[in-house]
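What follows is a short report on a single structure.
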Amino acid sequence: MNERIFVALDVETTGLQAGVDEIIEFAAVKFRAGEILERYSQLIAPHQPLPLKITRLTGIRPEDLVGAPRFNEVGADIARFIKSYPLVGHSVGFDLGMLRAHGMNFSQPVYDTFELATLLMPQIPVYKLGAIAERLGIPHPADHRALNDSEVTAQVFTHLLGLIEQLNLRELSEISRLTARVAFPMRDLFEEALRIRAKNVFVEASGPRPPAPGPRPPAPGSAEYLPLRPTGDASPLDLDSIDRFFAADGALGQAFPGYEQRKPQADMARAVAQAFNHSEPLIVEAGTGTGKSWAYLTPAAMFAAQRGERVVISTNTINLQDQLFTKDIPDLQRIMAGGPAQAVSDEGDRIFGSLEAAPPFTAALLKGRSNYLCLKRYHELRRSESLSPEEVRSLIKIQIWIPTTLSGDKAELLLLDRENAAWGRVNVTPETCTGARCEHFRECYFFQARRQAEAAHIVVVNHALLIADLTAQSNVLPPYAHVIVDEAHNLEDVATDQLSFMVDQAALLKFLDDLYQEGGAQVVSGLLADLPRHVNQSAADRAACEKVEQICQQLQPSLMRARVTIYECFNQLTSFVNSAVEANQYDSRLRLIPEVRKKDAWLAIQASWQYLIDGLAVIGDGLGNIETMLRDMESDGVSGDEELLLRLSFLVRFALEARVQTSHIIFGNEESICWLNHD
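The numbering used here applies: residue 450 is where the sequence shown begins, and numbers increase by one.
Spelled out as structure tokens, the structure:
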């Protein structure tokens, strides 16, 4: 790749809408292996006034464009500069869209540094050009001008090519295999790196050993977490110690230069400590600038460490979770250990120090199952023969991310648009998780997070997980007797969401798809397609196998009828809601109060939905019969596919819950509040 010539380009415009807004500056650089070979930059006069916000963004003033040529006067020069070289840009689709709207066409390869960075640089918080450049140590001028951005883009692209070349032969081969059947604009970059790597592998094997690679994160499960044990110290927290901690010359003052004592913060910390001492509830309204996080975190950590008891801290926003877990808690651990909150490097930069001894208290961040990568499902999806382009991109991102992650938390990845749907095929789910019986249990990210939480004094969660655990829907949190709810004003809304249920068209159709779905070229998928193959390959009695196969075939007409009925029922509801809320243009929700349920149109809806409910009963009963037969086979010594049984059990439960919940909404219950919502 060192000999290839690329053109990095960028445009500045009067706005963001191609065909409406105009280009006011075009710039491009021709480069090879990071060396700039040629530059082109041109201001362009638009036919419309230059907005003030564009001047503020770019520094280009209306007077700078006086006398500049129109685009049609320089288009040929731009085309001659670009020629047929591969194009590079950051979110380059915007730039090319604007150029196409001005009459230019492109047939050469196009590489987007934004997309490439999301593949090769997981875990960075922002993928703007300047942020990526800063991460890579590339200077990026502050002014937003086309030539500067083109040159920085060229340097970023060169660094990203270097990251591709650092991938090992196995990683490159897997990316090549995954992208062989889908449209993937970056494929040739990885293919070329693979060819170079394969050519050099024999040279590397016979030559001197390269230096050992840098350390990688330890594998999940490699650390042992001992469950938290009570210390037996039931003495109350020393309130005077709390006061001294927050004093101007106290631990905080010594740790943070320029620290000033805030009386509301110290008062709140003392009140929280008293609440712990007396096992009493406490409600605090803390105004902006109070420093509430430290005011509750400090006594909570002291109490938990002193007694060997767990304190759960629940927040509503990810930002506060991150602040607590990545900044405030590490700082407090250092201060309580007797050191500064942060160390200072030789260059004068403030950096996090490190604890040589064990921290005075331990902490864990815990999220719901669906946030964690399931290694078993990930490897299964990789082996799939029918992957969409979005799934392929997701798999590549995950493949490159796995060696760098300690948590397996989706929050470390940037999944774009439909790539998020692919996460639903590789995350941890109750219906597919076999727990300790899974071959990946020791390295499982989710169970590692649970073990960390079981060993932690402070466990940080979000409100949704807290409520789900309280209602026994989750069983994720370890036992605890003390909880702090920050951002408590959001708790009611979260509780409403967690304690409610929703029946929607997409979920019901997905249920049917999970059971049986026909694709192109006579390809079928779903549980009812997998079950006959499974039992026929087992050592089960032939008559039992035939019975399972018969039930699977008998259920298929019921699935077809249910699919049609679902569309009809939701179309009826849509029409009913639209007619009922015409008077209110600002609220598309309709409360199902008794007066609404008495309408003739609603009675017709009830008749249609009863037909669907009866159909779900037939499907659920059939699945239940199959589950019973498979359990009987297991009791007779026939080994079964545990994941298949988990899928079956989940779908049996879904069929039952869908019937009960649908009936609850459509036919009413005096103790519940029901409404319809049409987006």
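Idealized CB from N, CA, C, for every residue including glycine.
- [ ] Round the Cβ separation of I933 and I762 to the nearest angstrom and send it over; I've been treating them as touching at under 8 Å.
- [x] Mapped onto the sequence shown, residue 933 falls at position 484. Mapped onto the sequence shown, residue 762 falls at position 313. Sure, about 5 Å apart at Cβ, within 8 Å.
Open item on the list: Can you confirm whether the region 696-710 touches the region 677-687 when touching is taken to mean that 3 or more C-beta pairs between the two stretches lie within less than 8 Å?
Closed with: no
- [ ] Count the other CB atoms, across all protein chains shown, that sit within 10 Å of the CB of G538; report buried if there are 16 or more and exposed otherwise.
- [x] Along the sequence shown, read from residue 1 onward, the residue named residue 538 stands at position 89. Buried, by the Cβ-count rule.
- [ ] Could you spell out where the alpha helix (DSSP H) holding F530 opens and where it closes?
- [x] Counting from 1 along the sequence shown, the entry for residue 530 is found at position 81. 520-531 is the span of the alpha helix (DSSP H), which, as asked, contains F530.
TODO: Would you kindly check if the distance between the Cβ of M553 and the Cβ of A467 is under 7 Å?
DONE: As a first step, residue 467 is located in the sequence shown; it is residue number 18 there, counting from the start. As a first step, residue 553 is located in the sequence shown; it is residue number 104 there, counting from the start. No, the Cβ-Cβ distance between A467 and M553 is not below 7 Å.
TODO: Along the alpha helix (DSSP H) that carries H938, what are the first and last residues, could you check?
DONE: In the sequence shown, the residue the question calls residue 938 occupies position 489. Premise fails: H938 is in no alpha helix (DSSP H) and is neither H nor E.
Open item on the list: So, at 8 Å on beta carbons, what are the nonlocal neighbours of F1019 in its own chain, with the 5 sequence-adjacent residues on each side left out?
Closed with: Stepping through the sequence shown from its first residue, residue 1019 is reached at position 570. The residues are Q954.
TODO: Taking the CB atoms as reference points, tell me whether H422 and V984 lie closer together than 7 Å.
DONE: The question about residue 422 has no answer, for the chain in this structure spans 450 to 1128.
Task: Run of the alpha helix (DSSP H) containing R991, from where it starts to where it stops - done: Counting from one through the sequence shown, the residue named residue 991 turns up at place 542. Note, R991: alpha helix (DSSP H), 991-1029.
Task: Cross-strand partners of T764 (DSSP beta bridge) - done: The count along the sequence shown starts at 1 and reaches residue 764 at position 315. Per DSSP, N911.
Task: T462 - containing beta strand (DSSP E), residue span - done: Within the sequence shown, numbered from 1, the residue matching residue 462 stands at position 13. Looking at the DSSP string, the run of the beta strand (DSSP E) that includes T462 is 455-462.
Open item on the list: Quick check: what's the CA-CA separation for V760 versus D777?
Closed with: For the purposes of this step, residue 760 is identified with residue 311 of the sequence shown, where counting begins at 1. For the purposes of this step, residue 777 is identified with residue 328 of the sequence shown, where counting begins at 1. So the two alpha carbons sit approximately 16 Å from each other.
Task: Beta-carbon proximity of L609 to L569, cut-off 7 Å - done: Counting from 1 along the sequence shown, the entry for residue 609 is found at position 160. Counting from 1 along the sequence shown, the entry for residue 569 is found at position 120. Their beta carbons are under 7 Å apart, which means L609 touches L569 by this criterion.
TODO: Would you mind stating whether E1076 and L1097 have Cβ atoms separated by less than 7 Å?
DONE: Locating residue 1076 in the sequence shown gives position 627, counting from the first residue. Locating residue 1097 in the sequence shown gives position 648, counting from the first residue. The answer is yes: Cβ separation under 7 Å.
Task: Reduced DSSP category for S728 - H, G, I as helix; E, B as strand; rest coil - done: Reading the sequence shown from its first residue, position 279 is the one you call residue 728. S728: coil per DSSP, three-state reduction.
TODO: Per DSSP, which residues does N1126 bridge with? Please list them.
DONE: What you label residue 1126 is simply residue 677 of the sequence shown in a count that begins at 1. Answer by DSSP bridge pairing, in chain order: R1038.
TODO: Helix, strand or coil for D858, going by three-state DSSP, please let me know.
DONE: By one-based count along the sequence shown, residue 858 stands at place 409. In the structure shown, D858 sits in a strand (DSSP, three-state: E or B).
Task: 7 Å Cβ cutoff met for T881 and E1092 - done: The residue labelled residue 881 in the question sits at position 432 within the sequence shown. The residue labelled residue 1092 in the question sits at position 643 within the sequence shown. The answer is yes: Cβ separation under 7 Å.
Open item on the list: One question on the structure: do Y1060 and T1023 come within less than 7 Å of each other, judged by their Cβ atoms?
Closed with: The residue you call residue 1060 lines up with position 611 of the sequence shown. The residue you call residue 1023 lines up with position 574 of the sequence shown. It is not a contact, given that the beta carbons lie outside the stated cut-off.
Open item on the list: On a Cα-Cα basis, can you pick out the residue from R646, L824, P500, E998 that is closest to T854?
Closed with: Residue mapping note: residue 854 aligns to position 405 of the sequence shown, counting from 1. Selected option, being the one with the closest Cα: L824.
- [ ] State buried or exposed for V575, treating a residue as buried only when at least 16 other CB atoms are found within 10 Å of its CB.
- [x] Here residue 575 refers to the residue found at position 126 when the sequence shown is read from its first residue. Under this definition V575 is an exposed residue.
Task: Alpha-carbon to alpha-carbon, F896 and M1078 - done: Here residue 1078 is taken as the residue at index 629 of the sequence shown, counted from 1. Here residue 896 is taken as the residue at index 447 of the sequence shown, counted from 1. Computed Cα separation, rounded: 31 Å.
TODO: Within 10 angstroms of the Cβ of E461, are there 16 or more other Cβ atoms? Answer buried if so, exposed if not.
DONE: Here the question's residue 461 lines up with position 12 in the sequence shown. Its Cβ being crowded by 16 or more others within 10 Å, E461 is buried.
Open item on the list: The beta strand (DSSP E) that contains F475, what's its start and end?
Closed with: Here residue 475 refers to the residue found at position 26 of the sequence shown. Where F475 is concerned, the enclosing beta strand (DSSP E) stretches over 472-481.
- [ ] Below 8 Å CB to CB, which residues in the same chain sit around H589 once its five sequence neighbours on both sides are set aside?
- [x] For this step, residue 589 is matched to residue 140 along the sequence shown. Excluding positions up to five away in sequence, the list reads L578, G579, A582, E583, N597, V601.
Open item on the list: In this structure, how does DSSP classify A812 when only helix, strand and coil are distinguished?
Closed with: What you label residue 812 is simply residue 363 of the sequence shown in a count that begins at 1. Correct three-state label for A812: strand.
Task: C-beta contact flag for V478 and I472 at 7 Å - done: For this step, residue 478 is matched to residue 29 along the sequence shown. For this step, residue 472 is matched to residue 23 along the sequence shown. In this structure, I472 does not lie closer than 7 Å to V478 by Cβ.
Task: Between the CA atoms of L977 and N820 - distance to the nearest angstrom - done: Within the sequence shown, residue 820 is the residue found at index 371, counting from 1. Within the sequence shown, residue 977 is the residue found at index 528, counting from 1. When rounded, the distance between both Cα atoms is 29 Å.
- [ ] Note down the Cα distance separating F752 from A885, rounded to an integer number of angstroms.
- [x] The sequence position of residue 752 within the sequence shown is 303, counting from 1. The sequence position of residue 885 within the sequence shown is 436, counting from 1. F752 and A885: Cα-Cα distance of roughly 33 Å.
Task: Distance between P779 and Y674 (C-alpha atoms, nearest Å) - done: Walking along the sequence shown from the start, residue 674 turns up at place 225. Walking along the sequence shown from the start, residue 779 turns up at place 330. Approximately 18 Å between the Cα atoms of the pair.
TODO: Report all residues from its chain with a CB closer than 6 Å to the CB of L476; omit the five preceding and five following residues, and keep chain order.
DONE: Locating residue 476 in the sequence shown gives position 27, counting from the first residue. The identity of residue 476 in the sequence shown is Ala, whereas the question assumes Leu. Hits under 6 Å: D459, S490, A595, L596, S599.
Task: Alpha carbon of S803 to alpha carbon of R783, nearest angstrom - done: The residue labelled residue 803 in the question sits at position 354 within the sequence shown. The residue labelled residue 783 in the question sits at position 334 within the sequence shown. Reliability fails at S803, whose pLDDT of 38 lies under 50, so the model's placement of it is uncertain and the value that follows must be treated cautiously. Rounded to whole angstroms, S803 to R783 spans 8 Å at the Cα level.
Task: Sub-7 Å separation of M1082 and A944 beta-carbons - done: As a working note, residue 1082 is residue 633 in the sequence shown. As a working note, residue 944 is residue 495 in the sequence shown. No; because the gap between Cβ atoms is not below 7 Å, this pair is not in contact.
TODO: Tell me whether D561 sits in a helix, a strand or coil according to DSSP, three-state version.
DONE: By 1-based counting over the sequence shown, the position of residue 561 is 112. D561 falls in the strand class under three-state DSSP.
Task: Alpha-carbon spacing of D561 relative to K846, whole angstroms - done: As a position in the sequence shown, residue 561 is number 112, starting the count at 1. As a position in the sequence shown, residue 846 is number 397, starting the count at 1. D561 and K846: Cα-Cα distance of roughly 15 Å.
TODO: State yes or no: is the C-beta of L1065 within less than 7 Å of the C-beta of A1104?
DONE: Position 616 of the sequence shown, counted from the start, is the residue given in the question as residue 1065. Position 655 of the sequence shown, counted from the start, is the residue given in the question as residue 1104. It is a contact, given that the beta carbons lie within the stated cut-off.
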